[in-house]
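As given, the protein sequences belong to chains V and E, one line each in that order. Final position of the first sequence in this note's numbering is 406; the numbers increase by one with none missing. Final position of the second sequence in this note's numbering is 880; the numbers increase by one with none missing. All C-beta atoms in this analysis are idealised placements derived from N, C-alpha and C, irrespective of residue type, glycine included. Taking it in order: structure first as structure tokens, then the write-up.
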Amino acid sequence: MTTATPDTVSTAPEVKRLAIVPWLHKNLFSNWFNSLLTVVVTAILGYAAYGMVVWGFTVAQWVVIPNNMGLFMTGLYPSDQYWRIWLLLGIVSALAGLSWGMLARNLPTLFSRNVLIGFAVVCAGFVLFPPTRPSSPKLLLMVAIVAAMAWAGRFIGRSKPGLGKWITLLWFISYFIAIWLIGGGLGLAGVSTNDWGGLVLTLLMAVSGIALCFPIGVALALGRRSSLPVVKWLSVAYIELIRGVPLIAILFMGQVMIPLFLPEGMRPDRVLRAVIGLTFFSAAYLAENVRAGLQSVPRGQQEAAASLGLNTPLSLTLIVLPQALKTAIPAIVGQFISLFQDTTLLSIVGLAELLGISRSILANPSYLGRYAEVYLFIGVLYWFFCYAMSLGSRRIEELLNTDHR
Amino acid sequence: MTQFQTETVPVSNNTGEPVIVATDVEKWYDNGFHVLKGVSMTVYKGEVLVVMGPSGSGKSTFIRTFNALEPYQKGSIEVDGIELAHDLKNIEAIRREVGMVFQQFNLFPHLTVLQNVTLAPIWVRHWPKAKAQEVAMQLLERVGILEQAQKFPGQLSGGQQQRVAIARSLAMQPKVMLFDEPTSALDPEMVREVLDVMRTLATEGMTMVCVTHEVGFAREVAARVVLMDGGVLVEENTPEAFFNDPQEDRTKKFLSQIL
Ligand SMILES: Nc1ncnc2c1ncn2[C@@H]1O[C@H](COP(=O)(O)OP(=O)(O)OP(=O)(O)O)[C@@H](O)[C@H]1O
Ligand SMILES: [Mg+2]
Numbered sequence: 002m003t004t005a006t007p008d009t010v011s012t013a014p015e016v017k018r019l020a021i022v023p024w025l026h027k028n029l030f031s032n033w034f035n036s037l038l039t040v041v042v043t044a045i046l047g048y049a050a051y052g053m054v055v056w057g058f059t060v061a062q063w064v065v066i067p068n069n070m071g072l073f074m075t076g077l078y079p080s081d082q083y084w085r086i087w088l089l090l091g092i093v094s095a096l097a098g099l100s101w102g103m104l105a106r107n108l109p110t111l112f113s114r115n116v117l118i119g120f121a122v123v124c125a126g127f128v129l130f131p132p133t134r135p136s137s138p139k140l141l142l143m144v145a146i147v148a149a150m151a152w153a154g155r156f157i158g159r160s161k162p163g164l165g166k167w168i169t170l171l172w173f174i175s176y177f178i179a180i181w182l183i184g185g186g187l188g189l190a191g192v193s194t195n196d197w198g199g200l201v202l203t204l205l206m207a208v209s210g211i212a213l214c215f216p217i218g219v220a221l222a223l224g225r226r227s228s229l230p231v232v233k234w235l236s237v238a239y240i241e242l243i244r245g246v247p248l249i250a251i252l253f254m255g256q257v258m259i260p261l262f263l264p265e266g267m268r269p270d271r272v273l274r275a276v277i278g279l280t281f282f283s284a285a286y287l288a289e290n291v292r293a294g295l296q297s298v299p300r301g302q303q304e305a306a307a308s309l310g311l312n313t314p315l316s317l318t319l320i321v322l323p324q325a326l327k328t329a330i331p332a333i334v335g336q337f338i339s340l341f342q343d344t345t346l347l348s349i350v351g352l353a354e355l356l357g358i359s360r361s362i363l364a365n366p367s368y369l370g371r372y373a374e375v376y377l378f379i380g381v382l383y384w385f386f387c388y389a390m391s392l393g394s395r396r397i398e399e400l401l402n403t404d405h406r
Numbered sequence: 622m623t624q625f626q627t628e629t630v631p632v633s634n635n636t637g638e639p640v641i642v643a644t645d646v647e648k649w650y651d652n653g654f655h656v657l658k659g660v661s662m663t664v665y666k667g668e669v670l671v672v673m674g675p676s677g678s679g680k681s682t683f684i685r686t687f688n689a690l691e692p693y694q695k696g697s698i699e700v701d702g703i704e705l706a707h708d709l710k711n712i713e714a715i716r717r718e719v720g721m722v723f724q725q726f727n728l729f730p731h732l733t734v735l736q737n738v739t740l741a742p743i744w745v746r747h748w749p750k751a752k753a754q755e756v757a758m759q760l761l762e763r764v765g766i767l768e769q770a771q772k773f774p775g776q777l778s779g780g781q782q783q784r785v786a787i788a789r790s791l792a793m794q795p796k797v798m799l800f801d802e803p804t805s806a807l808d809p810e811m812v813r814e815v816l817d818v819m820r821t822l823a824t825e826g827m828t829m830v831c832v833t834h835e836v837g838f839a840r841e842v843a844a845r846v847v848l849m850d851g852g853v854l855v856e857e858n859t860p861e862a863f864f865n866d867p868q869e870d871r872t873k874k875f876l877s878q879i880l
């Protein structure tokens with residue numbers, strides 16, 4: 002927190018860029034033991050990498066991936082309705098670009114060199130990587146939309162910075178448009194949730210779960226600190242109860258037991274049940290993360306707010322929560338990443354999300370035994386989204402860092 | 622130039638109307654510690670009252686009861702004519718009129734200096750943003766940190782932070798200002814800039830209760846100095862008499878330690 006010392010922003014000691022040979026010497030071969038370790042580890046890694054490459058080019062039969070691309074991405078979604086998914090992707094790309102442009106409006110360059118390299122790699126991948134080739138024009142269009150909207154966002158952000166808060170609203174609306182586009186109704190042909198699947202279903206469930214568990218988690222964390230005994234004990238009971246039950250048990254309860262209790266017409270949809278299960282589970286963990294953040298805010302902050310005449314709700318929303326959530330960002334995003342990965346458990350209860358659909362593809366006799374190829378492919382997909390979330394969280398932390406600038 | 626207060630009242634010797642009247646205040650902490658043992662004190666409009674006393678004597682606890690940051694169990698405190706009952710509904714109404722400056726500044730680190738100062742006027746007084754900002758800029762100019770308005774507290778020195786904290790309290794246009802050892806956390810070279818601001822405030826007629834061990838400041842601007850020890854007020858006197866001719870043994874002992 003604040004200290005009495007004057008600007009303590011010490012200039013970081015200059016990072017000396019060592020030339021390659023001294024660097025190797027200092028970091029890898031500083032004594033005989035480290036040298037031995039380096040040699041052994043390099044040998045093992047090299048052998049493994051060699052094995053992977055040989056397998057990837059000679060043994061692996063990648064045809065399973067492009068042949069089932071539609072299934073991986075959208076499950077049993079009717080292929081004559083794929084345009085709706087593309088449209089959705091277009092909307093998301095546009096919004097992502099717009100948000101980027103708005104956020105980065107004051108940066109000297111809109112896209113840093115690393116991001117440009119990233120774009121180039123993605124584009125090259127779309128053109129060269131066989132599984133994506135049939136859709137390459139559309140995918141390249143998406144990249145173009147992101148870039149164009151980023152420029153537009155930067156322009157708008159610079160001329161009218163106040164419009165920034167409407168982006169959140171746009172994302173909110175786009176969520177409902179997404180549900181409408183995927184599920185149909187209101188003029189679009191309906192697609193039953195039984196036909197939702199693949200990556201689209203995974204992302205939809207993860208986004209819904211994340212969006213819902215966040216406010217519930219914050220409310221539970223505040224409830225746990227409440228001075229009202231009933232609120233406090235209910236929150237504690239909920240958190241401790243949920244944390245004592247494995248997620249898979251909750252999901253089974255949702256999929257198998259709820260239908261037993263509720264009459265035919267009243268059973269919530271199975272995707273909805275899955276989202277509810279994920280949400281309630283993650284909210285309990287999130288509440289603990291937020292609570293840790295709340296505890297990190299010094300008491301003096303609340304006292305200062307109170308002494309200015311702010312009532313408790315104002316002091317919480319304007320002073321305590323912003324600071325608490327800021328400290329808790331890494332933990333919160335970690336919980337979001339877990340939630341994203343936990344969607345895989347839904348394949349066990351029979352949903353055709355990315356892992357579920359992969360298992361049914363593997364059950365197809367023509368692709369018998371292609372486990373390694375399929376699991377490697379979806380593993381990379383999961384990694385991509387989790388890594389993106391963790392990168393994003395680090396960017397947000399940097400943006401919000403007001404302690405030493 | 623902004624006036625810190627609309628009406629200027631001459632530095633009085635107890636002739637003004639009372640702003641804070643504390644009568645036989647007693648407080649126990651939750652662990653049973655009897656921290657205030659029947660303290661009575663009146664603060665008059667436009668005067669500067671300095672509270673001194675050894676560490677742990679209950680000075681902070683006492684002045685924090687004035688804006689209900691600490692509850693008390695017995696006695697009564699009236700602020701601006703309103704009784705601070707134990708479960709007062711208009712607790713926020715009182716806090717609006719009583720500004721407080723803390724030893725550790727307690728600025729909001731996630732807000733800019735300007736936002737720190739405008740926050741309460743906008744959200745509590747419901748001033749339009751433009752008005753709040755105008756008043757804030759005038760106050761920041763008065764305390765000499767206008768150029769830092771867009772910085773964050775973490776980028777300022779301790780003395781600058783404390784001056785922002787004073788401006789933040791003044792923005793609510795309080796009737797009384799409470800200072801709890803405002804210079805104790807500061808490096809010696811920054812103590813003066815904060816005391817200067819407080820001195821100006823005092824000459825402009827702000828009613829102030831200051832817990833401080835700055836003898837020079839007390840001699841110069843205080844109307845009265847009181848000594849608190851072991852949860853009771855031991856001596857109350859003019860600064861002249863307090864420092865040159867103390868009546869109580871405990872005051873003499875205390876002064877011999879700090880002078
Ligand atoms: N929350 C608490 N629970 C129990 N005892 C407390 C609590 N806060 C303070 N005390 C005790 O009450 C006494 C008075 O504390 P207070 O902070 O009012 O003293 P002070 O005169 O301001 O001292 P200092 O000059 O060190 O600031 C101290 O002995 C302290 O240990
Ligand atoms: Mg104290």
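- Closest by C-alpha distance to Ser227 (chain V), out of V:Gln336, V:Ile251, V:Leu295 and V:Ala44, is V:Leu295.
- Contact annotation: in the segment 286 to 320 of chain V, residues whose CB is within less than 7 Å of a CB in chain E are Gly301, Gln302, Glu304, Ala305, Ala307, Ser308, Leu309, Gly310, Leu311, Asn312, Leu315, Leu319 and Ile320.
- Taken atom to atom, the span from the alpha-carbon of Glu835 (chain E) to that of Thr733 (chain E) is near 30 Å.
- In the DSSP assignment, Ile118 (chain V) forms no beta bridge with any residue.
- Taking the Cα positions, Val298 (chain V) is about 22 Å away from Phe800 (chain E).
- Here Met673 (chain E) is near Lys680 (chain E), since their CB atoms are less than 9 Å apart.
- Per the Cβ contact rule, the segment 301 to 319 of chain V is not in contact with the segment 236 to 247 of chain V (fewer than 3 Cβ pairs under 8 Å).
- Residue state for Asp850 (chain E) is assigned as strand, using DSSP reduced to three classes.
- Any Cβ of chain E closer than 9 Å to the Cβ of Leu29 (chain V) would place that residue at the interface, and such an atom is absent.
- Counting C-beta pairs with one atom in each stretch, the segment 64 to 78 of chain V and the segment 190 to 197 of chain V have three or more that are closer than 8 Å, which means they touch.
- Look at the beta carbons and you see the segment 112 to 122 of chain V not touching the segment 167 to 186 of chain V: under three pairs across the two are nearer than 8 Å.
- Between the segment 773 to 788 of chain E and the segment 806 to 819 of chain E there are three or more C-beta pairs closer than 8 Å, enough to call the two in contact.
- Annotation: Leu99 (chain V) to Arg106 (chain V) spans about 10 Å, alpha carbon to alpha carbon.
- Residue nearest to Thr833 (chain E) within the set E:Leu761, E:Glu825, E:Met827 and E:Val847 is E:Val847 (criterion: CA-CA distance).
- Taking the Cβ of Met662 (chain E) as the reference point, every heavy atom of ligand 1 lies at 8 Å or farther away.
- In this structure the segment 268 to 284 of chain V lies against the segment 203 to 216 of chain V, because at least three pairs of beta carbons, one per stretch, are closer than 8 Å.
- Checking the 8 Å criterion, the Cβ of Glu802 (chain E) is within range of a heavy atom belonging to ligand 2.
- For Thr403 (chain V), the chain E residues whose Cβ falls inside 9 Å of its Cβ are Pro730, His731, Leu732, Thr733, Phe773, Pro774, Gly775 and Gln776, in order along the chain.
- Think of a sphere of 7 Å around the beta carbon of Leu690 (chain E): the chain V residues whose beta carbon falls inside it are Glu304, Ala307 and Ser308, in chain order.
- Per DSSP, the unbroken alpha helix (DSSP H) holding Gly393 (chain V) starts and ends at Tyr372 to Leu401.
- Of the candidates E:Val722, E:Met829 and E:Thr872, the residue whose Cα lies closest to the Cα of Thr804 (chain E) is E:Val722.
- Each residue's CA atom was taken as its position, placing Ile146 (chain V) and Leu96 (chain V) some 9 Å apart.
- Not a single heavy atom of ligand 1 lies less than 8 Å from the C-beta of Lys873 (chain E).
- With fewer than 16 neighbouring CB atoms inside 10 Å of its own CB, Arg396 (chain V) falls in the exposed class.
- Fully enclosed alpha helix (DSSP H) runs of no fewer than 4 residues occupy 712 to 718, 734 to 744 and 750 to 763 of the segment 692 to 763 of chain E, in order along the chain.
- Judged by DSSP in its simplified three-state form, Ala643 (chain E) adopts strand.
- Straight-line spacing of the CA atoms in Phe729 (chain E) and Pro247 (chain V) works out to 40 Å.
- Judged by their CB atoms, Ala751 (chain E) and Val738 (chain E) are not nearer to each other than the 9 Å cut-off.
- With the rule of 3 Cβ pairs closer than 8 Å, the segment 372 to 379 of chain V counts as touching the segment 52 to 67 of chain V.
- Taken residue by residue, none of the segment 826 to 858 of chain E has a beta-carbon sitting less than 8 Å from a beta-carbon on chain V.
- Under DSSP, Lys648 (chain E) takes part in a beta bridge, and its partners are E:Leu657.
- The alpha carbon of Val745 (chain E) has as its nearest neighbour, out of E:Arg789, E:Val830, E:Asn865 and E:Val700, the alpha carbon of E:Arg789.
- Within the segment 321 to 336 of chain V, Pro323, Gln324 and Lys327 place their CB atoms closer than 8 Å to a CB of chain E, listed in sequence order.
- The beta carbon of Asp808 (chain E) lies closer than 7 Å to those of Gly779 in the same chain, with the five residues before and after it left out.
- Within its own chain, the residues whose Cβ lies closer than 6 Å to the Cβ of Leu356 (chain V), once the five positions on either side in sequence are excluded, are Thr345 and Ser348, listed in chain order.
- Burial check for Trp234 (chain V): the Cβ neighbour count within 10 Å stays below 16, so the residue is exposed.
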